[in-house]
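Numbering (the numbering used here), first residue to last: 107 to 361. Note that the Cβ used here is the ideal one computed from N, Cα and C, for glycine as well. Note that this is a predicted model, so its numbers are computed, not measured.
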């Protein structure tokens with residue numbers, strides 16, 4: 107049974123966590139499903155934006171299912187559970203489409219790290235954000251001390267991780283971490299997503315790459331992707347490919 111669904115409504119896709127009995131907490135199968143959906147979305151030419159939502163529960167996402175990681179050996183915990191989750195959340199963060207997290211309830215631990223991997227976030231007034239990992243003897247492992255350190259002021263992040271303080275929707279909005287507070291975050295996210303239909307898909311994608319490169323998100327790959335895109339459109343590239351096929355020396359026009 108799928109616990110992470112992917113649906114499409116015209117140019118807007120929705121990724122939905124569907125594990126409400128465990129507060130939408132991640133299992134290994136859910137991580138694998140999320141990764142597969144991200145691969146699909148990156149190649150979905152008619153999808154212009156993506157909303158990340160969750161089945162109704164007391165939490166948007168309670169992070170990682172403790173029953174999935176507690177029995178792991180230290181090696182498996184570090185090498186597979188943490189690194190796999192990090193890789194998959196990075197895949198979400200680096201989608202070519204703009205992404206919006208619609209948090210209708212609390213985002214806890216990995217749930218907050220998941221929302222942080224989206225481009226912007228919408229949050230219900232009563233929802234809170236938390237990083238309670240030290241309370242169960244572990245530390246944030248899916249970018250909570252890395253990506254979140256770029257999105258929240260250091261003292262605020264330390265309040266959450268070191269002292270277990272929750273961040274309210276109002277404070278998260280004041281800090282710029284949340285774009286909007288709405289009674290129905292998913293409906294608000296759909297309104298925002300609809301605006302992308304009036305912008306250039308290619309310009310939006312490149313702008314996202316440029317912003318990410320500027321803040322250190324996958325910078326080496328983005329620099330090479332942007333440079334490769336420029337050269338692929340050049341007359342020099344066309345001449346180089348033609349010369350190779352015709353087994354002759356290229357005559358590059360320099361444009």
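Three-state secondary structure (DSSP) at residue 115?
If DSSP states are grouped into helix, strand and coil, residue 115 belongs with the strands.
Measuring CB to CB, does residue 157 end up less than 8 angstroms from residue 295?
Yes, they are a contact pair.
Quick check on the DSSP output: what are the complete alpha helix (DSSP H) runs of length 4 or more inside the segment 290-330, in order along the chain?
Secondary structure in the segment 290-330: the alpha helix (DSSP H) runs of 4 residues or longer, each lying completely within the stretch, are 291-300 and 307-321 in chain order.
Simplified DSSP assignment, three categories, for residue 266:
Note: residue 266 maps to helix in three-state DSSP.
For residue 139, the three-state DSSP class (helix, strand or coil)
In the displayed model, residue 139 falls within a helix according to three-state DSSP.
With DSSP as the reference, label residue 147 as helix, strand or coil.
Looking at residue 147 - three-state DSSP - the assignment turns out to be helix.
Which of helix, strand or coil DSSP assigns to residue 272:
Coil.
Let's see if you can read the secondary structure: which residues bound the alpha helix (DSSP H) around residue 158?
Counting along the chain, residue 158 falls outside any alpha helix (DSSP H), though it belongs to the beta strand (DSSP E) covering 155-160.
Just the Cα atoms here: how many angstroms apart are residue 124 and residue 112?
Taking the straight line from one Cα to the other gives about 11 angstroms.
Are the CB atoms of residue 168 and residue 220 nearer to each other than 8 angstroms?
Cβ atoms of residue 168 and residue 220: not closer than 8 angstroms.
In three-state DSSP terms, what is residue 165?
It is a strand residue.
Nearest candidate by alpha-carbon position, reference residue 139, set 107, 164, 149 and 119
The shortest C-alpha separation from residue 139 is found at 107.
Which partner residues of residue 286 appear in the DSSP bridge assignment?
The partner list for residue 286 (beta bridge, DSSP) reads 228.
Strictly by DSSP, which residues pair up with residue 107?
Answer is none; residue 107 lacks a bridge partner.
Do residue 310 and residue 117 count as a contact pair if the criterion is CB distance below 8 angstroms?
Cβ atoms of residue 117 and residue 310: not closer than 8 angstroms.
Buried or exposed for residue 268, please, with buried defined as at least 16 other CB atoms from any protein chain shown within 10 angstroms of its CB.
Within a 10 Å sphere around the beta-carbon of residue 268 sit fewer than 16 other beta-carbons, which makes this residue exposed.
Candidates 247, 126, 202 and 131, of which the one nearest residue 119 by Cα:
When only C-alpha atoms are compared, the closest one is 202.
Quick one: any contact between the segment 254-273 and the segment 179-198, if contact means 3 or more CB pairs under 8 angstroms?
Taking 8 angstroms as the limit for Cβ pairs, the verdict is that the segment 179-198 does not touch the segment 254-273.
With residue 235 as the anchor, note down where its alpha helix (DSSP H) starts and where it stops.
First-last for residue 235: 234-236, but that is the beta strand (DSSP E), not the alpha helix (DSSP H).
Check each candidate in 212, 237, 341 and 261 and name the one with the smallest Cα separation from residue 359.
In terms of Cα proximity to residue 359, the closest of 212, 237, 341 and 261 is 341.
Find the nearest neighbour of residue 131 within the set 114, 147, 155 and 166, judged by alpha-carbon distance.
Residue 166 is the option with its Cα nearest to residue 131.
Answer yes if the segment 343-360 comes into contact with the segment 222-230, meaning at least three C-beta pairs across the two stretches below 8 angstroms, and no otherwise.
The answer is no - the segment 343-360 does not touch the segment 222-230, with fewer than three Cβ pairs under 8 angstroms.
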